[in-house]
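Protein chains: 2
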Amino acid sequence: MTNPPFSQELDGCHAARIGARGLDPAIFAATLERTRPALEALGRHHDRATLPLLHMAGKRDDLAIVTDTAARLAAFPHVVFLGTGGSSLGGRTLAALADGGWASAAEPVKRPRLWFLENVDPDGFARVVDHLPLDRVALAIVSKSGGTAETLAGALALLPRIEKEVGRAELPRRVVVVTEPADNPLRRLAQRWGIPVVDHPDVGGRYSVLSATGMLPALCAGVDGEAVRDGAGIALADALAGDPARSPAAQGAALQVALAETRGITQSVMLTYIDRLACFGLWYCQLWAESLGKQGKGTTPIRALGTVDQHSQLQLYLAGPADKLVTVVMGAPAGQGVRYPRELGDPALAWLGGRTMGDLLDVSQRATAETLIRNGRPTRILRVPRLDERALGALLMHFMLETIIAGHLLGVDPFDQPAVEEGKRLARDYLAEIPAR
Amino acid sequence: MTNPPFSQELDGCHAARIGARGLDPAIFAATLERTRPALEALGRHHDRATLPLLHMAGKRDDLAIVTDTAARLAAFPHVVFLGTGGSSLGGRTLAALADGGWASAAEPVKRPRLWFLENVDPDGFARVVDHLPLDRVALAIVSKSGGTAETLAGALALLPRIEKEVGRAELPRRVVVVTEPADNPLRRLAQRWGIPVVDHPDVGGRYSVLSATGMLPALCAGVDGEAVRDGAGIALADALAGDPARSPAAQGAALQVALAETRGITQSVMLTYIDRLACFGLWYCQLWAESLGKQGKGTTPIRALGTVDQHSQLQLYLAGPADKLVTVVMGAPAGQGVRYPRELGDPALAWLGGRTMGDLLDVSQRATAETLIRNGRPTRILRVPRLDERALGALLMHFMLETIIAGHLLGVDPFDQPAVEEGKRLARDYLAEIPAR
Chain Z
5 MTNPPFSQEL DGCHAARIGA RGLDPAIFAA TLERTRPALE ALGRHHDRAT
55 LPLLHMAGKR DDLAIVTDTA ARLAAFPHVV FLGTGGSSLG GRTLAALADG
105 GWASAAEPVK RPRLWFLENV DPDGFARVVD HLPLDRVALA IVSKSGGTAE
155 TLAGALALLP RIEKEVGRAE LPRRVVVVTE PADNPLRRLA QRWGIPVVDH
205 PDVGGRYSVL SATGMLPALC AGVDGEAVRD GAGIALADAL AGDPARSPAA
255 QGAALQVALA ETRGITQSVM LTYIDRLACF GLWYCQLWAE SLGKQGKGTT
305 PIRALGTVDQ HSQLQLYLAG PADKLVTVVM GAPAGQGVRY PRELGDPALA
355 WLGGRTMGDL LDVSQRATAE TLIRNGRPTR ILRVPRLDER ALGALLMHFM
405 LETIIAGHLL GVDPFDQPAV EEGKRLARDY LAEIPAR
Chain R
5 MTNPPFSQEL DGCHAARIGA RGLDPAIFAA TLERTRPALE ALGRHHDRAT
55 LPLLHMAGKR DDLAIVTDTA ARLAAFPHVV FLGTGGSSLG GRTLAALADG
105 GWASAAEPVK RPRLWFLENV DPDGFARVVD HLPLDRVALA IVSKSGGTAE
155 TLAGALALLP RIEKEVGRAE LPRRVVVVTE PADNPLRRLA QRWGIPVVDH
205 PDVGGRYSVL SATGMLPALC AGVDGEAVRD GAGIALADAL AGDPARSPAA
255 QGAALQVALA ETRGITQSVM LTYIDRLACF GLWYCQLWAE SLGKQGKGTT
305 PIRALGTVDQ HSQLQLYLAG PADKLVTVVM GAPAGQGVRY PRELGDPALA
355 WLGGRTMGDL LDVSQRATAE TLIRNGRPTR ILRVPRLDER ALGALLMHFM
405 LETIIAGHLL GVDPFDQPAV EEGKRLARDY LAEIPAR
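Following this line, the structure appears as structure tokens:
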């Protein structure tokens, strides 16, 4: 391939570069070799179509309904997404590519404003919902299981208010539900309210970013969904080739597991500098934590943001316990943005004169990575020459594969999340103790 | 005191409650006793006025200029804050108390919209600045040292554009600089542009939330600054009494250090459920990481948000490595928000019928804490009966004191951040390699 969407550099994790805290080459090679069965399993799943996630990259036939639905919703100036965890973080990550995430708030409405309501704080909910023009709001209600308490509670709070503004007959045009095909409370709710349903495919929430769940917000924001999947396909092809030495995902998994097993690394920091990737780190944190955090295993994913966390977390990363792998995702902002005059009226500002704001961001990310390396901290660099749909799709697939392969190495099932059921049951029990009024 | 702003419960951290992963009572008692010298040192600093932070709670004479400045800025519909790390996170945390943080975006403009620009991504910067009405924008430029690269770069990008809209003569009315009294690049920039300067007191950035640095955004958002300081004073008084057994901050510090020293706890999770506290966790992360992460010591602070992280991180917290202390900050949302009809048209929704959205949030936070405890994970609960200025001020002072006392226990200086200078120098070196144009 002449133009890879990103490149992965592991030099800053090896003993040759960072000394005793770095990976021993023999150990890394042995761990990489241990990824071979995982790559073979992925290949079998792909060939036999037994892991739907692996077919999301190449799939196109499902996009028609998502495209139609997105066009329907995006005709309104505001689109509210009710969903949490895997039903929000992937969509937020993709949508931010077009709308910049938080920063979009100042932009004029060319596209609709997207609102992701993930929590059930009555105050925060009211701060959004009480001030939106509910006669000009579209709504997507997303829950794979159809039983997510927060999502159902949000829907039951919002639907009557929208109905009151526009009438029941209008709802099918303004509201959509995304849930799995099986009968469930959300699907029945959709039936009662006459709301169309888009099927959530059989991929777990944290692996659903390429499906309708992630694509619906993405397309509402103006992201090119096919290009996202094209990019994902590039990363997938590298893994399906079956050679660990040529699979960035296998190398990443071997890196993380070998550092955890032999160098006391308990935390995996995802440090991004580009504002449009701010949500990507949250998506990664769910993927990594929920897939691997079981049987006492797994490492803790941490989202960090350049440059603000240089002024917040970097001291700890450099001089605290040597228990972190830092992955620095480097966009290519050099030369972009305002160019400062050569003469800034103060010799103490000469460093900025004649350079651009993007130059400052670029040297900041490079300097942070290099400083981590000089301090002997394992540091992986992902260079993204151009952050577009193709690159983001490739990054997303890369980390889904890296996580699955790491699950194989750790001997855990990367697709379940058994521990969280207890808390859900307990919450229902507590609710039952509150007298209904 | 009859009505404490919050209460701290450590039961869920003790072996009696959670078994072998919990604290041994003798070890906790011994560690608590080790906080006595730290409390005595705080008392001496207070009596001799040698630690300005300790006088911020009782200070009032500095608020006049902050109040005047905030009134001046808040007369405009948008106020942009340029600052990063300690010059943004405290102010964001306080302002969110009034404006709800992100959620405020839908609210009509009674108060100005506050924009915190912490990064130098040209894309993100433009997404805000290019779409704000620059003839109706006020600007605060905040850097304690006056040398923060991102803040200076933002100011040099934005000031000429505002000047172009409103003229140089208008700038003193619309712009303010907050920086330390000593000569520095930002102070000289203020002089060249005719911008008034508010002095940043002699407290480090991460301890500056109660100073003008934090108060200016707070007052712009409509927060009662005196009440914040009153609350801080309550938490301070508990520590200055000198008795570890009656100081929540000493107990918190002993808890964190004893768990790290004897139970392999390497991560300190701050889990909040109230939207208005979403930024509080970011503030805490800087405070804890930068104060203690040195000489190979410290633990990693992690910000988690309920309920979304129940669907993202909780699996790891419950079933991954037992290396976390989770502090759950519980607001009191029960009974608040929409009350659902008793009959919701589906037996599967009966759990919600007749309850409120706030009930759901309340049982979620209680269930998460209880589930962590049942899984033997050290869990501290902070109950906040009423999240107002007084309570937030008390929480902020509590954690500043807990951090300082933990620094004493660990034998590190909680007020310096020596490791980050190398990266700053390296960034300047890299910038110097880029030809000025």
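Protein chains in written order, with this note's numbering: chain Z, 5 to 441; chain R, 5 to 441.
Beta carbons: idealized from backbone N, C-alpha and C, even for Gly.
- Residue 34/R places its beta carbon 7 Å or farther from that of residue 28/R.
- Rounded to the nearest angstrom, the Cβ distance from residue 277/Z to residue 125/R is 7 Å, consistent with a contact under 8 Å.
- DSSP places residue 133/R inside the alpha helix (DSSP H), whose first and last residues are 126–133.
- For residue 189/R, the chain Z residues whose C-beta falls within less than 7 Å of its own C-beta are 350, 352, 353, listed in chain order.
- The residue among 400/R, 407/R, 355/R, 387/R with its C-alpha nearest the C-alpha of residue 153/Z is 355/R.
- Not flagged as an interface residue toward chain Z: residue 195/R, since no C-beta distance is shorter than 7 Å.
- Per the coordinates, the alpha-carbon of residue 320/Z lies some 26 Å from the alpha-carbon of residue 312/R.
- In this structure, DSSP gives residue 355/R a state outside helix and strand, which the three-state scheme calls coil.
- Neighbours of residue 289/Z in chain R, taken as residues whose beta carbon is under 8 Å from its own, are 316, 317 in chain order.
- Of the residues assessed, residue 431/R falls on the buried side of the cut-off, its CB having 16 or more other CB atoms within 10 angstroms.
- Counting only unbroken stretches of 3 or more residues, the beta strand (DSSP E) elements lying wholly within the stretch 132–156 of chain Z are 141–146, in sequence order.
- Distance from the CA atom of residue 315/Z to the CA atom of residue 258/Z, rounded to whole angstroms, is 31 Å.
- Taking all protein chains shown into account, residue 26/R has 16 or more neighbouring C-beta atoms within 10 Å of its C-beta and is therefore buried.
- With the rule of 3 Cβ pairs closer than 8 Å, the stretch 138–155 of chain R counts as touching the stretch 181–188 of chain R.
- Identification of residues in the stretch 114–126 of chain Z having a C-beta nearer than 7 Å to some C-beta of chain R yields 122, 123, 124, 125, 126, given in sequence order.
- Distance between residue 408/R and residue 260/R, taken at the CA atoms: about 12 Å.
- Comparing alpha carbon positions, the residue from 414/R, 99/R, 388/R, 401/R closest to residue 241/R is 401/R.
- For residue 356/R, at least one C-beta of chain Z is nearer than 7 Å to its own C-beta.
- The stretch 392–430 of chain R contains, as complete alpha helix (DSSP H) runs of 4+ residues, the segments 393–414 (chain order).
- Apart from the 5 residues on each side of it in sequence, residue 118/R sits with its Cβ closer than 7 Å to the Cβ of 83, 85, 99, 103, 221, 224, 225 in its chain, given in chain order.
- At a cut-off of 7 Å, the C-beta of residue 430/R has a neighbouring C-beta in chain Z.
- In this structure, residue 346/Z keeps its C-beta atom at 7 Å or more from the C-beta atom of residue 360/Z.
- Of all residues in the stretch 248–279 of chain Z, only 270, 271, 277, 278, 279 come within less than 8 Å of chain R when Cβ atoms are compared, listed by chain position.
- Interface with chain R (7 Å Cβ-Cβ cutoff): residue 57/Z is excluded.
- Using a CB distance below 7 Å, the part of the stretch 156–182 of chain Z facing chain R consists of 156, 157, 160, 161, ordered along the chain.
- Here residue 377/Z is not near residue 158/Z, since their CB atoms are 7 Å or more apart.
- At a cut-off of 7 Å, the C-beta of residue 438/R has a neighbouring C-beta in chain Z.
- Here residue 204/Z carries a coil assignment [DSSP, helix/strand/coil].
- For the stretch 290–325 of chain Z, the continuous alpha helix (DSSP H) assignments of 4+ residues that do not extend past its boundaries occur at 318–323, in sequence order.
- Within the stretch 411–424 of chain R, those residues whose Cβ lies closer than 7 Å to any Cβ of chain Z are, in chain order, 421, 423, 424.
- In the structure shown, the three-state DSSP call for residue 92/R is coil.
- Interface residue (Cβ-Cβ distance to chain Z less than 7 Å): residue 218/R is not classified as such.
- Ranked by Cα distance from residue 216/R, the options 130/R, 69/R, 177/R are led by 69/R.
- Taking 7 Å as the cut-off, the Cβ atoms of residue 231/R and residue 394/R count as close.
- Out of 46/R, 22/R, 23/R, 30/R, the CA that lies nearest to the CA of residue 406/R is found in 46/R.
- Taking CB atoms only, residue 369/R has no neighbour in chain Z less than 7 Å away.
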